[in-house]
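> First the structure, which I've put down as structure tokens, then a few questions once you've had a look.
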Amino acid sequence: MNPYTFIFIGRSGCGKGTQVELLQKYLAEKYPSDEVFYLETGERFRNFIKENSYSSKLSHAVYEAGERQPSFLAIWMWSHLLVESFKGTEHLIIDGSPRAYGEALALDTALKFYGRKACVVHLNVSRKWSEDRLLNRGRGDDLDVTKVKKRLDWFDKDVAPAIEYFRTNDDYNFIEVNGEQGIEEVYVEMMEKLNIRINE
Numbered sequence: 018m019n020p021y022t023f024i025f026i027g028r029s030g031c032g033k034g035t036q037v038e039l040l041q042k043y044l045a046e047k048y049p050s051d052e053v054f055y056l057e058t059g060e061r062f063r064n065f066i067k068e069n070s071y072s073s074k075l076s077h078a079v080y081e082a083g084e085r086q087p088s089f090l091a092i093w094m095w096s097h098l099l100v101e102s103f104k105g106t107e108h109l110i111i112d113g114s115p116r117a118y119g120e121a122l123a124l125d126t127a128l129k130f131y132g133r134k135a136c137v138v139h140l141n142v143s144r145k146w147s148e149d150r151l152l153n154r155g156r157g158d159d160l161d162v163t164k165v166k167k168r169l170d171w172f173d174k175d176v177a178p179a180i181e182y183f184r185t186n187d188d189y190n191f192i193e194v195n196g197e198q199g200i201e202e203v204y205v206e207m208m209e210k211l212n213i214r215i216n217e
């Protein structure tokens with residue numbers, strides 16, 4: 018069996034991390050001898066901006082302003098992990114990238130380099146739903162209303178074109194899941210649609 022590749026994408030607060038955890042559990046149960054390579058950039062950025070390097074300080078300033086991190090830095094976050102640690106035999110799960118059209122193009126070159134055909138899971142929620150979820154979950158970087166609105170703005174401006182790139186690209190299996198449901202309902206819908214793709 019060829020290992021699977023999944024790209025999870027959606028607005029902040031849509032539940033990507035939760036659904037990734039459930040998918041990882043499913044893969045571990047169904048393919049217990051297989052490894053999963055989990056590529057997630059959000060937490061890496063949160064750790065990176067705490068460091069003391071020149072680049073980390075500049076990145077922290079971007080974070081404090083509530084702006085999107087530059088694409089070159091986001092690409093570096095995931096590309097060096099693939100180059101240094103990816104063995105090629107694992108199931109690959111990409112969470113939260115790409116965040117811009119240019120980054121989507123870069124990720125496309127990486128997946129083609131590794132000979133991977135990915136399924137893109139778009140957890141679709143409205144801007145209002147996302148805003149309410151972020152402000153109510155109480156995480157440190159979600160407490161500032163102005164910053165939350167900026168994040169939602171750059172999703173509409175930058176991430177949405179990346180989603181459309183995957184949606185209209187025949188090299189990808191693109192599925193859309195209604196994220197405005199309970200965790201279990203989202204999972205069931207996602208797995209039903211993934212199973213259609215997986216069993217092709």
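Going by the working numbering, 105 is the number at position 88 of the sequence shown; the sequence numbering is gapless. Quick reminder that beta carbons are idealized off the backbone N, C-alpha and C, glycines included.
Residues in its own chain within less than 8 Å of Glu84 by CB, not counting five upstream and five downstream?
Hits under 8 Å: Lys167, Trp171.
> DSSP state of Thr58, grouped into three classes?
Three-state result, Thr58: coil.
> Count Cβ pairs between the stretch 105-116 and the stretch 43-60 that sit closer than 8 Å; are there 3 or more?
Counting Cβ pairs under 8 Å, three or more are found: they touch.
> Taking the alpha-carbon positions, what's the Ala78 to Asn64 distance?
Their Cα atoms are separated by approximately 14 Å.
> Please check the pair Gln36 and Val53, which I expect to be a contact at CB under 8 Å, by giving their CB distance rounded to whole angstroms.
Rounded, the Cβ-Cβ distance is 14 Å, inconsistent with contact.
> Output the distance between the C-alpha atoms of Glu218 and Glu209, rounded to the nearest integer angstrom.
Because the chain here runs from 18 to 217, residue 218 falls outside it and cannot be looked at.
> CB-CB under 6 Å to Gly119, same chain, minus the five flanking residues each way: which ones, in chain order?
Around Gly119: Ser88.
> Using the three-state DSSP reduction, which class does Glu197 fall into: helix, strand or coil?
Reduced to three states, the DSSP call for Glu197 is coil.
> Just to confirm my understanding: we take Ile215, look at its own chain, exclude 5 residues before and 5 after, and list those with CB closer than 6 Å. What are they?
Low confidence applies to Ile215: its pLDDT is 48, below 50, so where it sits in the model is not reliable, and the reading given next is rough at best. Counting only Cβ-Cβ distances below 6 Å, and skipping sequence neighbours, we find nothing.
> Can you give me the C-alpha to C-alpha distance between Glu217 and Glu107, rounded to a whole angstrom?
In this prediction, Glu217 scores a pLDDT of 41, lower than 50, which makes its location untrustworthy; the coordinate-derived value is nonetheless stated afterwards. Each residue's Cα considered, the two are about 20 Å apart.
> How would you label Asn190, buried or exposed, when you count the other beta carbons within 10 angstroms and need 16 or more for buried?
Counting Cβ neighbours within 10 Å, Asn190 comes out buried, since at least 16 surround it.
> Alpha carbon to alpha carbon, how far is Trp95 from Asn141?
Cα to Cα, Trp95 sits roughly 23 Å from Asn141.
> Quick one: grab the DSSP three-state call for Ile180.
In the structure shown, Ile180 sits in a helix (DSSP, three-state: H, G or I).
> Is DSSP giving Asn190 helix, strand or coil here?
DSSP places Asn190 in strand when its eight states are reduced to three.
> Checking the sheet assignment: what are the DSSP bridge partners for Cys136?
According to DSSP, Cys136 bridges with Phe23, Asn190.
> Going by DSSP in three states, Ile111 sits in which element: helix, strand or coil?
Three-state DSSP puts Ile111 in a strand.
> Pick from Phe62, Gln86, Leu169, Tyr182: whose alpha carbon is nearest that of Asp149?
Of the listed residues, the one whose Cα sits closest to Asp149 is Leu169.
> Taking Glu120 as part of the alpha helix (DSSP H), name the residues at either end of that continuous run.
Looking at the DSSP string, the run of the alpha helix (DSSP H) that includes Glu120 is 118-130.
> Tell me the rounded alpha-carbon separation between Leu124 and Asp161.
Their Cα atoms are separated by approximately 31 Å.
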